[in-house]
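Written out below as structure tokens is the structure these notes cover.
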Amino acid sequence: MNALTDLFALDRIALNNLSKNRAEAFAAVGQLFAKQADLEAEAIVGFLNAREDLGSTALGAGVAIPHGRVKGLKQPIAAFVKLQEPIDFSAPDGEAVSILIFLLVPEKATQQHLEILSSIAQLLSDQDTRKLLASEGSPEKVCEILQTWGSA
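For the sequence shown, UniProt numbering assigns the number 1 to the initial residue and increments by one for each residue that follows.
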């Protein structure tokens with residue numbers, strides 16, 4: 001079991017998302033999370049934008065981890081979004097982003113937030129895993145990769 005095992009569920013895996021920019025991607029995931037976490041989509045987008053305003057959450061190599069602490073959220077929740085066409089995300093390497101892992105954590109989950117972010121960053125830094133996620137067309141397989149990554 002790893003820090004990601006309970007974060008991802010099949011209904012939070014979106015492949016071939018049609019968002020054309022950051023605002024559209026955030027709006028889409030805001031709707032997705034709102035259904036799951038009983039929160040307002042606009043509030044979720046606000047938390048994501050507030051964090052992004054501090055600096056891009058793009059890691060480079062075509063991936064980003066938009067995240068935020070959310071008042072009223074009970075448990076961490078994550079979503080995997082693969083865009084049909086890469087979008088600008090102000091990545092440090094200048095590369096457009098096509099894989100986004102969105103993470104929301106409870107407002108007071110500071111240490112847990114950092115541990116989960118670290119695990120996601122490690123997963124996305126693994127070139128083989130990143131390529132596998134980029135090429136995989138099955139939501140079930142993507143969910144399995146995310147849930148079992150790093151497990152022996």
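Every residue gets a Cβ at the ideal spot worked out from N, C-alpha and C, and that includes glycine. Note that the structure is a prediction, hence the values are computed from the model and not measured.
Take L10, set aside five residues on each side of it, and the residues of its chain with a beta-carbon closer than 8 Å to its own are P139, E140, C143, in chain order.
Going by DSSP, I145 is part of the alpha helix (DSSP H) stretching over 139-148.
Counted as a single uninterrupted DSSP element, the alpha helix (DSSP H) harbouring Q111 occupies residues 110-125. Assignment of Q84 by DSSP, reduced to helix, strand and coil, places it in the strand class. Looking from the CA of L15, the closest CA among K82, L7, D6 belongs to K82.
Counting only residues of its own chain and dropping the five nearest sequence neighbours on each side, Q147 has a CB closer than 7 Å to the CB of L4, T5, F8.
Counting the other Cβ atoms within 10 Å of the Cβ of E40 gives fewer than 16, which makes it exposed. With contact defined as three or more Cβ pairs closer than 8 Å, the stretch 92-104 and the stretch 37-52 are in contact.
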